[in-house]
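Q:
Protein chains: 2
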Amino acid sequence: MKYKLEIAYDGTNYAGWQNQPNSISVQQVVEEKLSYLYANKKISVRGAGRTDAGVHALGMTASFSPPDTPLISPDKLMKAMNSILPDSIYIKNVQTADQEFDARFSAVGKAYTYVICRSTAPGPFLCNWCYHSKRSLNTDKLRKATEFLVGEHDFSSFTVALSKTQKNPIRKIYRIEVKEFGNFMCVTFIGKSFLYKMIRSLMGTLINVAEGKTEPRKVREILESKDRSKAHVTAPANGLFLVEVFYDEKALEKFKLTNLPFLNNF
Amino acid sequence: MKYKLEIAYDGTNYAGWQNQPNSISVQQVVEEKLSYLYANKKISVRGAGRTDAGVHALGMTASFSPPDTPLISPDKLMKAMNSILPDSIYIKNVQTADQEFDARFSAVGKAYTYVICRSTAPGPFLCNWCYHSKRSLNTDKLRKATEFLVGEHDFSSFTVALSKTQKNPIRKIYRIEVKEFGNFMCVTFIGKSFLYKMIRSLMGTLINVAEGKTEPRKVREILESKDRSKAHVTAPANGLFLVEVFYDEKALEKFKLTNLPFLNNF
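Chains as they are written, first to last, in the numbering used here: chain A, 35 to 300; chain B, 35 to 300.
1. Just tell me which of Pro101(A), Glu134(A) and Trp163(A) has its CA closest to the CA of Gly45(A).
2. Assess, as a yes-or-no matter, whether the region 169 to 188 of chain A is touched by the region 64 to 78 of chain A under the definition of 3 or more beta carbon pairs within less than 8 Å.
3. Who are Ala42(A)'s beta bridge partners in DSSP?
4. If you follow the alpha helix (DSSP H) that Ile118(A) is in, where does it begin and where does it stop?
5. For Lys36(B), which option in Pro108(B), Arg84(B) and Tyr43(B) has the closest C-alpha, if you only look at C-alpha atoms?
6. Leaving out five residues on either side along the sequence, give the residues of the same chain with a beta carbon under 8 Å from the beta carbon of Gly238(B).
7. Within the 7 Å Cβ cut-off, does Asp174(B) reach chain A?
8. Our contact map puts Ile224(B) next to Lys126(B) with C-beta atoms below 8 Å; I'd like the distance itself, whole angstroms only.
9. Can you tell me the Cα-Cα spacing of Ala244(A) and Gly81(B), whole angstroms?
10. Could you say which of Val63(B), Ser140(B), Leu111(B) and Pro100(B) lies nearest to Gly83(B) if we only look at CA atoms?
11. Name, please, each residue of chain A whose Cβ falls closer than 8 Å to the Cβ of Ser122(B).
12. Please report how far the alpha carbon of Thr248(A) lies from the alpha carbon of Ile256(A), in whole angstroms.
13. Could you check whether Tyr70(B) and Val60(B) sit closer than 7 Å to each other, using their CB atoms as the reference points?
14. Out of Glu287(B), Arg209(B), Ser190(B) and Phe296(B), state which residue places its alpha-carbon closest to the alpha-carbon of Ser263(B).
15. Under 7 Å, do Phe218(A) and Val277(A) count as touching if we go by C-beta distance?
16. Hey, how far is the Cα of Lys67(B) from the Cα of Tyr43(B)?
17. Taking a Cβ distance cut-off of 9 Å, strictly less, list which residues of the region 141 to 167 of chain A are near chain B, in chain order.
18. So what does DSSP say about Phe192(B), is it helix, strand or coil?
19. Between Thr147(A) and Thr222(A), how many whole angstroms is the CB-CB distance? I'm expecting something under 8 Å.
20. Please state whether DSSP places Lys213(A) in a helix, a strand or coil.
21. List the residues of chain B whose Cβ lies closer than 7 Å to the Cβ of Tyr43(A), in chain order.
22. Locate the alpha helix (DSSP H) running through Met232(B), then write down its first and last residues.
23. When Cβ atoms are compared, which residues of the region 206 to 234 of chain A fall closer than 7 Å to chain B?
24. If we count Cβ pairs, one from each stretch, closer than 8 Å, do we get three or more for the region 203 to 217 of chain A versus the region 177 to 187 of chain A?
25. In the DSSP assignment, find the beta strand (DSSP E) that holds Glu278(A) and state where it starts and stops.
26. Give the C-beta separation of Met232(A) and Phe192(A) to the nearest angstrom, bearing in mind that I take them to be a contact with Cβ-Cβ under 8 Å.
27. With DSSP as the reference, label Gln133(A) as helix, strand or coil.
28. At a Cβ cut of 8 Å, what residues of the region 123 to 139 of chain B count as close to chain A, listed as they run along the chain?
29. Which of helix, strand or coil does DSSP assign to Thr147(A)?
30. Determine the DSSP secondary structure at Thr222(B), reduced to helix, strand or coil.
31. I want to see whether chain A comes within less than 7 Å of Phe189(B), judged by CB atoms only; does it?
32. How long is the line joining the alpha carbons of Pro203(A) and Leu236(A), rounded to whole angstroms?
33. For Asn56(A), is the classification buried or exposed, using 16 other Cβ atoms within 10 angstroms of its Cβ as the cut-off for buried?
34. As a quick exercise: from Phe280(A), Phe98(A), Ile241(A) and Glu283(A), pick the residue whose alpha carbon is nearest that of Thr130(A).
35. From the beta carbon of Asn299(A), is the nearest beta carbon of chain B less than 7 Å away?
36. At the 7 Å Cβ level, is Phe296(A) part of the contact set with chain B, yes or no?
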């Protein structure tokens, strides 16, 4: 059997989800704490995906096979982990799963939300959890631009060349939803999977559209050019949240953002 | 003339508002940045009150006399300060005032809000800006208990002996308002002034009432005993916000909390 963990984290002070040689990742902290619970046996955790340095998660999922010891109930494992993890990482759910379950390959989709603060002055709070736009934002233009991005496309214009492992630049975005909560605008991307820095690249251009600096139809041109240099700069990491990883189509179809990601409680 | 500053800050990493010998205070940072703007002339800023280490402000006020140099317009001063202050401190308003104005002694009242998160699991966000209660909270009992506290009383049971400068333990609370925003409960105290750690002391006991561990009428007994040892432990600093300092009675009477303090923008 395996365990499936659902994890929320404040990514501000981490080098992202995935283990890195010279900095602290969320994965490393989770693995170290699991190892501590399992009498210092090495535990390898498989995340549903990587998140970049500074990106947050409301619902990262991860799976691991427990070592050959008496089974810990999911509830006990969750409580034990939350009592030893730092405040910045919180396990919100633990379930058992079949041996075949793999947090990454069993996923049918993911929802990411990018949070923009549209106040003229955002104040000293929340600056780690949103992008602050100093211009007035046009929601209609933003929505119009997202229409060109939904569906299956070659997103070469909206990614950063990572490595040879990412040969196929074609991805399918099922939906993009724009919601407003007070001074905050949330743009949620629901898709099977995304290219490296794809959402932040898309947001860099979409923020330009919302701010009136780029016309919505220009987004189609940029997409069709398959040329990264045509798009705008990558939006900062701090506004991005991995909100949910889906393991069945129904959950994916039903998903709706109902609150600002950092206001969600479990 | 003087300048009146209205200041918001995330108090998490400061030793409070007031200057301290061996740690960094908000006042110190504000004075250093003002001094930088005024060609390294020493500037002393007078705050409306002290806030403890870890306590936040949405509307601290401070006054200072500018040195004998060409006057800077309030708007320019605000922009210049915000461009050099750390993200954790934000000047939300600057006005000129008469020479007689004193941020502390001209004030007619203050509003403090204490934020309690009532979710069973608060997650990795917001933990610096609220007190997390693991029990279910009874709002009616909390409201009932606050009725005994409104008005003029000897609050010796709800303060921490600070120094000989604070001889008079009598204070007047004009109103206490309990409001809920989703998973958060906010208790706002409006009064002329408060004793050292008075609101956190009151909240320590009020949280016990809301959690069902203390009956509301017990609060009157504790108050009348004038004995600090009868009250419960002081509530943690992180849930407390100095929300507004009032300089006229009308603003004080009209004041209403309309949002979670850390969600307010300016």
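We treat Cβ as the ideally placed atom computed from N, Cα and C, and that holds for glycine.
A: A quick look at the data gives this:
1. Trp163(A)
2. no
3. Tyr124(A)
4. Pro108 to Ile118
5. Pro108(B)
6. Ala265, His266, Val267, Thr268 and Ala269
7. no
8. Not a contact, Cβ separation roughly 20 Å.
9. 40 Å
10. Ser140(B)
11. Pro158
12. 11 Å
13. no
14. Ser190(B)
15. no
16. 15 Å
17. Cys151, Arg152, Ser153, Thr154, Ala155, Pro156, Gly157, Pro158, Phe159, Leu160, Cys161, Asn162 and Trp163
18. helix
19. 5 Å
20. strand
21. Pro158
22. Met232 to Ala244
23. Gly216 and Asn217
24. yes
25. Leu274 to Phe280
26. 5 Å
27. coil
28. Ile123, Tyr124 and Lys126
29. strand
30. strand
31. no
32. 14 Å
33. exposed
34. Phe98(A)
35. yes
36. yes
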